[in-house]
Each structure stands twice: as C-alpha cells, then as structure tokens.
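Chemist: For our numbering, add 3 to where a residue sits in the sequence shown, where the first one is 1. No residue lacks a Cβ here, since even glycine has one placed at the ideal position from N, Cα and C.
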Amino acid sequence: MTTSPSFRLVPLGVGDAFSDRYYSSCLFLEYGGYGMLVDCPHPIRKIMKEASASSGLDIRVETVSTIVLTHLHADHSSGLEGIGFFAYYAAGCRIGLHAHETVMAHVWDQHLCGTMAPLCDPVERQRKFTDFFDLSTMTTGAPAELGPFEIRCRMTHHHVPTTALKIRAGNATLGYSADTSFDPSLIEWLSDADLIIHETNVATHTPYARLAALPAPLRKKMRLIHYPDDFDPASSCIECLEQGRPYVVTPSAAR
Ligand SMILES: [Zn+2]
4 MTTSPSFRLV
14 PLGVGDAFSD
24 RYYSSCLFLE
34 YGGYGMLVDC
44 PHPIRKIMKE
54 ASASSGLDIR
64 VETVSTIVLT
74 HLHADHSSGL
84 EGIGFFAYYA
94 AGCRIGLHAH
104 ETVMAHVWDQ
114 HLCGTMAPLC
124 DPVERQRKFT
134 DFFDLSTMTT
144 GAPAELGPFE
154 IRCRMTHHHV
164 PTTALKIRAG
174 NATLGYSADT
184 SFDPSLIEWL
194 SDADLIIHET
204 NVATHTPYAR
214 LAALPAPLRK
224 KMRLIHYPDD
234 FDPASSCIEC
244 LEQGRPYVVT
254 PSAAR
C-alpha cells in the first residue's frame with residue numbers, strides 16, 4: 004500500500020523586523036520532495052541550516068524549488084540577493100521566484116538591480132533578473148500551480164503591496180495572513196484552511212487582542228507568527244509557531 008506524502012511546514016523564523024531574538028518571519032513547506040520558501044529574509048542559508056538541524060528535514064538552496072514572496076519589506080525579502088547569488092555562482096541553479104504581479108513589479112527595479120546587475124568585468128554584460136531567478140507571477144483571480152502546491156492569494160492591508168496565501172497540497176490547506184492590519188474579511192477568506200498562520204504585532208499590524216476575541220474553533224486551528232520579542236507565547240490563547248520546529252499540515256476535522 005502506498006501512502007501519500009505529508010504536507011510539512013517548518014517556521015524558519017517567527018519574529019518581526021525589530022527582533023534580536025528570532026529570525027524574521029519565513030516558512031519552509033515541503034510536499035513529496037518539492038521544497039518551497041514563503042519569504043526569504045537574510046541570512047537565509049544560515050537560517051535554513053539551523054532549521055535543518057532542529058527539524059530533521061533537508062532544507063537548503065538545492066532543496067528549495069521556489070520562493071513565494073508575500074511582499075518586499077526587508078524582514079521578508081532581504082535574503083533574495085544572497086540566495087540568488089549563491090544559486091547562480093555556487094550551486095549552478097536558478098531558483099524559482101513567485102509573487103503577485105504588483106509585488107514582482109518592484110523586486111528587480113527597486114530592490115535587487117542596484118547590487119545584482121553590475122559586474123566589475125567590463126567585458127561581461129550586466130546580469131538580468133532572469134539570470135538568477137525563474138520568475139512566475141500570480142493574480143488574485145486564479146490559483147497558481149507550483150509543483151504539487153496550488154496557491155491562491157489575496158491582497159492585505161499593509162504599507163506596500165502584500166498578499167496573504169492559501170496553499171494546498173494533497174488534501175490539506177495552509178492559510179497565511181502575511182503582514183496585515185486586522186481584517187475580518189481576510190480572516191473569513193482564510194477560515195476554510197486547515198491550519199491558519201496569522202501575524203500579530205503592534206502599530207499597523209494585527210493586535211493580539213483582536214485575534215484572541217475570535218471564535219474558539221477558529222483560534223484552535225490558528226497559529227501566531229511575526230510576534231514581538233516581548234510577547235509571551237506561554238500566555239497566548241492562540242498557539243504560537245515555534246522557530247525551527249517541524250509541523251505537518253493535516254485536514255482539520257471541522258472546516
Ligand atoms: Zn511588512
């Protein structure tokens with residue numbers, strides 16, 4: 004009898020942009036040997052190496068087929084230059100990069116071009132975005148297929164274009180709020196996922212109190228990420244993701 008693969012999840016980082024305690028928020032997903040990152044903060048190879056050791060999964064540039072980028076704030080995207088250079092020059096591969104078209108529109112011209120395009124050797128041509136990454140975009144209208152994963156996205160309320168995600172593999176779906184202010188319609192959109200990862204933080208992020216007031220069945224399948232250093236996971240009524248711990252996304256009994 005053959006068994007179907009497990010939908011594996013390792014939170015590589017659970018902190019916010021100001022954290023000196025955690026790596027910033029980033030996920031590794033794996034199904035049937037296809038590895039994927041959701042966001043890519045610096046120093047991503049050290050982050051992956053430590054998560055490999057703690058989770059027992061093989062997490063490195065060569066086992067990541069695609070990076071799904073939610074938005075361009077540095078705590079979610081500052082590892083792109085390093086992973087792109089490493090893949091191109093050291094691993095001899097081109098890593099996939101997938102994002103909503105409004106996010107992708109700025110990745111090269113306003114983020115990576117200044118440091119990745121120039122070359123010291125005047126004989127060589129400048130590098131292009133597609134030298135480093137195998138690009139694909141998604142829209143909010145239709146699901147995208149990446150290996151065994153089916154991905155849907157929705158814009159969130161944030162300072163720069165940002166997408167929440169619903170990612171399905173096998174018979175289970177993971178929902179991820181990405182960075183957002185409190186948005187009941189986003190939570191409603193995420194609510195049919197089997198496991199929901201939701202950010203919480205201060206200022207324009209989602210206050211913990213608003214999530215703590217959600218119905219118990221929703222809180223039960225919700226996990227928190229992007230929490231401040233002084234947030235106490237032990238006192239939270241919603242379970243906090245632990246950095247470097249392996250999880251399996253399974254169909255929930257109640258949708
Ligand atoms: Zn952000």
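Does the distance from the CB of D78 to the CB of P44 come in under 7 Å?
Modeler: Cβ atoms of D78 and P44: closer than 7 Å.
Chemist: Kindly indicate which three-state DSSP category E33 falls into: helix, strand or coil?
Modeler: Residue state, collapsed to three classes: strand.
Chemist: By the DSSP assignment, the alpha helix (DSSP H) with P220 in it spans what residues?
Modeler: First-last of the alpha helix (DSSP H) with P220: 219–223.
Chemist: Ignore the nearest five residues each way along the sequence and tell me which others in G87's own chain have a CB closer than 8 Å to its CB.
Modeler: Once the five neighbours on either side are set aside, the close Cβ partners of G87 are I98, L115, M119, F135, F136.
Chemist: Does G82 pass the burial test, meaning 16 or more other C-beta atoms within 10 Å, or should it be called exposed?
Modeler: Looking at its Cβ environment, which holds 16 or more other Cβ atoms inside 10 Å, G82 is buried.
Chemist: What three-state label does DSSP hand F93 in the structure shown?
Modeler: Sequence check: residue 93 is Ala here, not Phe. In the structure shown, A93 sits in a helix (DSSP, three-state: H, G or I).
Chemist: Quick one: what's got a C-beta closer than 8 Å to H162's C-beta in the same chain, skipping five residues either side?
Modeler: Excluding sequence neighbours, H162 sits near H76, T207.
Chemist: Specify, as a first and last residue, the run of the alpha helix (DSSP H) that Y211 falls within.
Modeler: Counting along the chain, the alpha helix (DSSP H) containing Y211 begins and ends at 211–215.
Chemist: Which value, in whole angstroms, describes the spacing of the CA atoms of L2 and G173?
Modeler: The structure shown does not extend to residue 2, since the chain is modelled only from 4 through 258, so no value can be given for it.
Chemist: Near S139, which residues of its chain fall below 6 Å by C-beta distance, leaving aside the five closest residues on each side in sequence?
Modeler: Counting only Cβ-Cβ distances below 6 Å, and skipping sequence neighbours, we find H101.
Chemist: Under the rule that 16 or more other beta-carbon atoms within 10 Å means buried, what is T203, buried or exposed?
Modeler: The residue in question, T203, is buried, as its Cβ has 16 or more Cβ neighbours within 10 Å.
Chemist: Helix, strand or coil: which one does DSSP assign to K131?
Modeler: Here K131 sits in coil by DSSP.
Chemist: Should R24 be labelled buried (16 or more other beta-carbon atoms within 10 Å of its own) or exposed?
Modeler: Counting Cβ neighbours within 10 Å, R24 comes out exposed, since fewer than 16 surround it.
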